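Every position in the sequence shown, counted from 1, becomes a number in my numbering once 83 is added. We put the beta carbon where it would ideally sit given N, CA and C, even for glycine. Just so you know, these numbers come straight off a predicted model, no measurement behind them.
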Amino acid sequence: MQNSYHFIRLDQRDNVIVARDATPAGTQVAGESLTLLDDVPAGHKIATRAIARGDAIRKYNTVLGYAGCDIEPGAWLHNHNIVFSDVEKDYRFGLDYVPTPLVPEAQRARFMGYRRGDGRVGTRNYVGVFMLGGAGAVAVRRIARGFGTDVRQRYPGVDGVVPFAHAQGRGVDLDDASRSLLYRTLGGYIGHANIGGALLVVYDRAEDGLDDFLRSQGLHEGDALRVLELRTVGDIEDAVMLGRRQVEDMLSRMGDTQREPADASHLAVALQCGGSDGFSGLSANPALGAAMDILVRHGGSAILSETSEVYGAEHMLTARAVTAEVGKRLVDCIQWWLDDNAGRDTQINGKVGPGNNAGGITNIIEKSLGGAKKAGSTGLMDVLAYGERLRAHGFVFMDTPGNDPVSVTGQIAGGANLVCFTTGRGSCFGSFPAPTVKLSSNTPMFMRMQADMDINCGQVIDGDLTIPEMGERIFEQLLRHASGEMTKSEALGVGASEFIPWTLRSHD
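Shown next, in the form of structure tokens:
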């Protein structure tokens with residue numbers, strides 16, 4: 084990638100460049116023999132040569148749309164002159180797969196984590212208060228509310244008490260697929276490496292199907308998993324007081340837990356983006372991808388998701404699949420979302436959100452091309468269903484909706500113990516029990532939202548760091564956060580409302 088004062092060229096074969104700053108008409112572009120014909124907002128595209136109506140618009144040397152009219156060199160390119168159209172893709176299932184050479188175990192990067200009896204390592208140590216049926220949300224929230232920010236002072240080995248309430252379960256019409264998905268999500272959280280103790284609230288053991296749930300998820304009641312049955316307790320105040328006593332007992336048991344050294348193979352990072360702009364695919368996303376390449380070489384895992392938002396770039400992932408079967412599973416996921424959204428005004432059918440659009444992203448293909456860069460360049464090792472547990476180390480894909488909290492909920496259920504969230508427009512997102520690290524794509528937004536942002540990838544756009552250098556910095560900071568350094572969202576207490584299991588929509 085070559086930077087000039089005002090503009091960024093991604094590939095010599097592209098017929099567009101990107102404005103680094105808001106730039107007025109009449110500006111001459113050094114190195115391009117070009118003069119701007121229009122005022123161009125920061126992060127938006129400019130034609131570098133004449134493009135005839137119907138010809139391809141190329142960015143990242145990939146077709147993201149077609150000219151809706153004859154376009155002159157120096158013209159601003161956006162919705163008014165780019166037409167979205169699907170293109171024939173060569174999936175090249177597994178043909179570009181190259182095994183990643185791993186760093187020898189003794190030389191791998193290390194962090195300080197919480198070792199669990201099954202060999203997993205947590206980056207945090209929380210008590211979670213959960214509900215199975217639909218009647219426990221009030222109790223769950225009130226039980227957790229009784230434990231404030233002083234938990235860490237009283238119990239140095241514990242990071243806090245967090246409620247995980249949802250809107251599904253008893254009293255809600257759940258088909259078998261929906262119930263299985265909810266059980267898988269709850270089971271993934273209760274058994275998560277970052278959860279040292281769990282209290283599960285039910286109204287009635289039999290009516291809520293508690294035994295079926297525990298059996299299906301391989302969970303067992305004991306010191307680390309307590310059950311509170313509301314029907315047998317009395318009124319809500321009695322239930323809350325009993326629940327708090329149960330949590331206090333778990334805190335006492337967990338309070339002296341110590342962090343221990345562990346290598347980076349125990350890290351699983353959920354990859355997310357939200358409020359993307361024209362710089363996200365140029366700085367934060369590829370820099371995060373560079374960090375994930377380092378993590379994978381050290382034996383760790385990176386989980387890319389949001390299936391509807393990789394549409395248009397999925398052929399770049401299938402070509403890297405470890406086997407053709409893995410690549411075809413990703414295409415099957417894409418096809419499910421296309422069928423599910425047929426006839427609907429959704430992103431997979433072309434449009435992106437207003438914030439994405441204002442930031443310079445014209446359509447879903449352009450957004451997907453930038454978003455897929457979060458995954459780096461290593462082989463695609465597996466494709467998982469929503470909330471399905473990790474089976475392979477390395478880069479994997481999980482089938483999730485594009486909604487950030489719903490998607491992250493599935494990734495954490497699958498075993499992610501850190502979350503990386505890139506943004507160009509700004510975000511106040513957070514998550515429990517896996518902390519969210521937020522990466523800004525541009526410096527102005529980072530400066531404006533320093534209380535929410537952890538890492539400024541705008542240094543790439545500013546010309547201060549290269550993508551590999553930024554990736555190294557991200558990786559080192561992730562190790563610090565994995566070892567207990569609080570993220571901005573943790574310091575602000577953001578994340579308790581972002582537990583949102585996916586609700587399947589019935590097909591007509």
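Does the Cβ of residue i lie closer than 7 Å to at least one heavy atom of the ligand MG?
i: GLU581; result: Absence of the ligand MG from the depicted structure is noted, as is the absence of any ligand whatsoever, leaving it without description.
According to DSSP, residue i sits in a beta bridge with which residue or residues?
i: PRO246; result: VAL212
i: MET464; result: Partner(s): none; MET464 has no beta bridge.
i: ASN525; result: Answer is none; ASN525 lacks a bridge partner.
i: THR519; result: VAL502
i: GLU343; result: GLY196
i: CYS356; result: THR505
i: LEU160; result: LYS128
i: GLY205; result: TYR197
i: MET481; result: LEU467
i: TYR394; result: DSSP lists no partner for TYR394.
i: LEU117; result: VAL112
i: ALA351; result: SER384
In terms of alpha-carbon separation, which member of the options lies closest to residue i?
i: ALA307; options: HIS127, LEU93, ARG508, ALA281; result: ALA281
i: LEU467; options: ILE417, ARG508, VAL284; result: ILE417
i: ALA105; options: GLU115, SER116, ILE91, ASP97; result: ILE91
i: GLY497; options: VAL352, ALA425, LYS456, ILE448; result: VAL352
i: ASN144; options: ASP179, ILE319, ASP97; result: ASP97
i: ALA499; options: ILE134, VAL123, ARG203; result: ARG203
i: VAL222; options: TYR174, TYR180, LEU313, SER524; result: It should be noted that the sequence gives Ala, not Val, for residue 222. The shortest Cα separation from ALA222 among TYR174, TYR180, LEU313, SER524 belongs to LEU313.
i: MET569; options: ASP294, ALA517, VAL284; result: ALA517
i: GLY513; options: ALA574, ARG472, GLY454; result: ALA574
i: ILE286; options: ALA322, PRO124, ALA276; result: In the sequence under discussion, the amino acid at residue 286 is Tyr, which differs from the Ile named in the question. Checking every option, the nearest Cα to that of TYR286 belongs to ALA322.
i: LEU350; options: GLY205, SER359, LYS521; result: GLY205
i: SER523; options: THR445, ALA135, PHE515, GLY357; result: GLY357
i: GLU581; options: PHE247, GLY137, GLN111, ARG175; result: PHE247
i: ARG563; options: GLY326, ILE444, ASP346, LEU587; result: ASP346
i: ALA441; options: ARG380, CYS540, PHE362; result: PHE362
i: MET375; options: ILE386, PHE213, SER261; result: ILE386
i: ARG531; options: CYS511, LEU587, GLY546; result: CYS511
i: LYS142; options: ARG412, ILE495, HIS161; result: HIS161
i: GLY219; options: GLU188, LEU283, ARG403, LYS128; result: LEU283
i: SER566; options: ALA130, ARG198, TYR174; result: ARG198
i: LYS457; options: THR526, PRO369, GLN494; result: PRO369
i: GLY196; options: ARG342, PHE296, GLY493; result: ARG342
i: GLY148; options: ILE447, SER572, SER460, GLN542; result: ILE447
Buried or exposed for residue i, going by 16 or more other Cβ atoms inside 10 Å?
i: TYR88; result: Caution applies to TYR88, whose pLDDT of 46 falls short of 50 and renders its modelled position unreliable; the model cannot decide the point.
i: GLN190; result: exposed
i: LEU269; result: buried
i: HIS590; result: Here HIS590 scores only 41 on pLDDT, less than 50, and its place in the model is too uncertain to base an answer on.
i: MET84; result: Note on MET84: pLDDT 41, under 50, position unreliable in the model; no value is reported.
i: VAL577; result: buried
i: LEU178; result: exposed
i: ARG237; result: exposed
i: GLU559; result: exposed
i: ALA158; result: buried
i: GLU408; result: exposed
i: VAL379; result: buried
i: GLN111; result: exposed
i: SER348; result: buried
i: PRO187; result: exposed
i: GLU155; result: exposed
i: ARG508; result: buried
i: GLY317; result: exposed
i: PRO527; result: exposed
For the alpha helix (DSSP H) containing residue i, list its first residue and its last residue.
i: VAL489; result: 487 to 496
i: VAL543; result: 541 to 544
i: ARG92; result: Segment 90 to 92 is the beta strand (DSSP E) holding ARG92; no alpha helix (DSSP H) there.
i: SER384; result: SER384 -> not in any alpha helix (DSSP H); beta strand (DSSP E) instead, spanning 384 to 387.
i: PHE558; result: 550 to 565
i: GLY410; result: 407 to 423
i: ALA579; result: Run containing ALA579: none; DSSP gives neither H nor E here.
i: MET375; result: 367 to 380
i: VAL234; result: 234 to 237
i: GLY453; result: 447 to 454
i: ALA441; result: 437 to 441
The beta strand (DSSP E) spanning residue i covers which residue range?
i: VAL221; result: Premise fails: VAL221 lies in the alpha helix (DSSP H), 220 to 228, not in any beta strand (DSSP E).
i: THR401; result: Unbroken run through THR401 is the alpha helix (DSSP H), 397 to 401; no beta strand (DSSP E).
i: ALA102; result: 99 to 102
i: LYS142; result: 139 to 142
i: VAL146; result: 145 to 150
Is any beta-carbon of chain B found at less than 8 Å from that of residue i?
i: ILE140; result: The structure shown contains no chain B, having only a single protein chain.
Length at least 4, wholly inside the stretch 256 to 320: the alpha helix (DSSP H) runs in chain order: Segments of the alpha helix (DSSP H) lying fully in the stretch 256 to 320: 259 to 273, 293 to 300.
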